[in-house]
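Residue numbers (the UniProt record's numbering): 1 to 749. For each residue, glycine too, the CB sits at the ideal point set by N, CA and C. Since the structure comes first, as structure tokens, the remarks are kept for the end.
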């Protein structure tokens with residue numbers, strides 16, 4: 001064994017003497033048996049002993065945890081020629097402990113390790129931080145060991161100091177074979193190779209370098225990213241052999257596709273080929289026209305990111321294609337402009353010679369227009385069905401309102417008390433309001449385009465406001481703001497009503513927690529043309545609209561509502577209706593502050609002119625009395641029969657009643673046709689009104705007929721001769737006027 005004096009001579013020769021003398025940290029020298037041959041004053045002070053007590057003793061009793069073999073293992077590694085660094089707990093003579101970071105340096109003499117010089121730095125104050133860091137270190141080590149790519153660490157001498165299991169697999173050497181050995185010795189091919197150049201550049205220039213090349217001795221393509229670190233080098237290595245094989249197959253596929261490109265470019269459908277990583281490999285001319293991107297702009301890019309916002313649907317279709325070899329269906333895609341389109345897709349999986357998936361061949365047809373037409377047709381069918389349903393409901397409701405209106409007017413004529421008269425007036429107004437609402441719902445549900453007429457915008461706004469107050473949740477306040485006088489506009493009242501109801505409905509959906517809905521109108525002058533316009537605004541205090549949604553809000557099929565809650569056609573249809581009226585629909589919105597929709601329509605002049613749609617001027621006050629003529633009232637509703645008969649007799653007519661067409665015919669036959677006029681309902685069991693009128697035309701053609709119905713949209717045109725038509729509920733004035741007109745032979749009621 002080398003003597004202590006000899007060992008210290010070797011230490012001095014190795015250049016450690018200055019370090020030993022100047023360091024405030026504990027420093028010691030151990031021979032290869034672990035015996036102290038030197039300790040500086042700092043160590044003696046830490047241990048609480050003298051050199052005489054420590055000299056020649058084994059270092060292991062100074063370790064606070066004798067069962068922990070880690071310190072001994074680190075010492076053995078140092079004796080094996082490795083620089084080691086670790087943390088250990090030391091024990092003083094009085095039994096107290098301290099913690100230190102220990103670095104062991106192997107001292108060689110004539111090629112052999114003859115001693116270990118150690119330096120200990122007290123780290124008790126850092127122990128708390130270190131404990132929290134150990135968990136992170138453990139997790140990091142677990143993560144590095146768990147990844148599929150290789151990770152290597154080298155010291156400044158190019159020796160391997162750490163490797164994870166995938167790194168062993170890539171290097172085709174075990175951890176034991178790698179650690180402590182030079183990369184240049186183990187892999188001579190590195191010298192002069194792209195990898196060797198990258199390693200040396202990273203160290204020399206302190207930069208991160210990435211290199212991809214074939215490593216011949218490993219028979220693999222590798223991609224290495226080299227990172228300079230404080231104590232050497234860290235290298236992240238991926239085995240990209242499969243990628244390179246795939247790339248060669250792709251190149252071969254591209255060559256095959258080039259020969260077919262001329263044929264594919266004449267197709268009207270978008271034809272695409274994409275790799276299994278979604279990268280675009282082929283893009284024909286039709287794809288350029290449909291989507292707006294040229295082939296040069298998209299080749300190599302991920303089709304998933306270029307064409308799809310709903311990546312979940314794309315991923316599901318791709319998975320089905322890979323599993324079954326083909327897929328067909330519809331997907332929503334985006335154009336370069338940001339507009340959406342609906343594509344009918346037919347995808348097929350392409351395999352290489354070995355049968356492995358190579359690419360996906362896609363034929364996509366733009367069916368946006370067809371889908372739009374189908375959606376509009378389905379909407380029209382739904383509206384037609386709704387119109388039919390609402391017609392039946394309207395008939396029943398109007399039959400309920402009719403006796404109420406006649407009753408209240410009858411009571412009002414007999415009442416002399418002003419207070420009671422006022423109450424009856426309120427009831428009458430409410431009944432008329434209900435009848436008006438039924439007409440509005442009916443005409444909106446039927447969605448029939450009417451003739452362009454002059455529209456009283458004041459009346460339309462008031463009607464929509466009244467309708468909104470009835471149907472809006474209680475936490476939404478509806479406000480209408482209109483000036484005393486407002487110009488009329490020319491158009492279809494039903495369509496304008498449809499637009500306003502749609503805007504009000506959208507406003508409701510934006511105010512789920514309540515708010516204020518304001519419907520306003522005013523005269524304005526177009527700043528560009530100086531032409532007079534009427535501007536109608538629908539404003540809400542809801543959530544507002546973000547800029548991206550605002551840019552696409554009038555786009556067909558674009559909707560932010562959940563599936564099944566909207567078709568995305570409401571605002572697009574509204575904008576089209578307004579434009580067909582020569583106007584424009586605009587929107588302003590700030591997220592969190594609500595939205596304002598403005599309808600600007602050309603003015604048609606004063607709304608006070610004759611024939612303005614929606615004009616509710618008071619009906620004539622003249623009540624035309626009868627002269628004892630016999631009027632037969634035919635209706636299956638007993639209340640209507642009773643009150644109509646009572647009203648007629650009050651105003652000078654003689655009356656009789658029948659509950660069906662057959663009963664009416666029997667009565668007329670029994671009197672030999674001596675009936676002045678027949679007032680009949682349209683819808684009745686057994687024999688309805690039109691059938692009764694036809695029979696009367698055959699047997700008693702001279703008897704005039706007035707027909708009434710609660711279904712304002714019923715078709716009574718044709719060969720049926722009528723003296724007049726009354727819509728239920730009708731007022732006393734309307735009833736008497738219709739009878740007088742029919743008896744006089746005038747059908748223009």
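By the Cβ test, the region 510-519 is in contact with the region 465-482, since at least three Cβ pairs between them sit closer than 8 angstroms. Below 8 angstroms, too few C-beta pairs join the region 282-294 and the region 313-332 to call them touching: fewer than three. In this structure, the alpha-carbon of residue 400 lies about 36 angstroms from that of residue 485. Within the DSSP secondary-structure output, residue 495 pairs in no beta bridge.
For residue 184, the three-state secondary structure derived from DSSP is helix. By the neighbour-count criterion, in which a residue is buried when 16 or more other Cβ atoms sit within 10 angstroms of its Cβ, residue 204 is exposed. With a contact defined as Cβ atoms closer than 8 angstroms, residue 337 and residue 292 qualify at about 6 angstroms.
Closest option to residue 505, judged by alpha-carbon separation, among 491, 488, 464, 495: 464.
For the 8 angstroms CB-CB criterion, residue 591 and residue 545 form a contact. Beta-bridge annotation (DSSP): residue 727 is paired with 709.
For the set 456, 549, 600, 500, the Cα lying nearest the Cα of residue 527 is the one of 600. Between residue 661 and residue 684, the C-beta gap is smaller than 8 angstroms, which places the two residues in contact. Just so you know, the alpha carbons of residue 576 and residue 421 end up roughly 48 angstroms apart.
Contact annotation: the region 44-51 touches the region 79-97, with at least three C-beta pairs closer than 8 angstroms. DSSP, read as helix, strand or coil, puts residue 514 in coil. Residue 675 is not a Cβ neighbour of residue 735, given a cutoff of 8 angstroms. In the three-state scheme derived from DSSP, where H, G and I count as helix and E and B as strand, residue 98 is classed as strand.
Where residue 49 is concerned, there is no enclosing beta strand (DSSP E), because DSSP gives it neither an H nor an E. About 20 angstroms separates the Cβ atoms of residue 42 and residue 31, ruling out a contact at the 8 angstroms cut-off.
The shortest CA-to-CA distance from residue 634 to any of 339, 689, 698 is the one to 689. Within the region 514-557, the runs of beta strand (DSSP E) at least 3 residues long that lie entirely inside it are, in chain order, 515-525, 532-540. Here DSSP, grouped into helix, strand and coil, assigns residue 431 to helix. Per DSSP, residue 670 is one residue of the alpha helix (DSSP H) stretching across 661-670. Checking the DSSP bridge columns, you'll see residue 344 partnered with 330, 365.
Taking residue 361 as reference, the option from 354, 369, 663, 326 with the minimal CA-CA separation is 326. Taking residue 162 as the centre and dropping the five residues before and after it, the same chain places the C-beta of 153 closer than 6 angstroms to its C-beta, in chain order. With fewer than 16 other CB atoms across the displayed protein chains lying within 10 angstroms of its CB, residue 81 is exposed.
Comparing C-alpha distances from residue 267 to each of 319, 539, 289 shows the shortest one belongs to 289. The three-state secondary structure of residue 172, taken from DSSP, is coil. Taking a C-beta distance under 8 angstroms as the contact criterion, residue 626 and residue 651 qualify as a contact pair. For residue 159, the pairing in a beta bridge is given by DSSP as 182.
When 108, 101, 109, 113 are compared, the shortest CA-CA separation from residue 120 is found for 101.
Bounds of the beta strand (DSSP E) holding residue 212 are 209-215. Each residue's CA atom was taken as its position, placing residue 583 and residue 667 some 58 angstroms apart. When DSSP states are grouped into helix, strand and coil, residue 240 belongs to the coil group.
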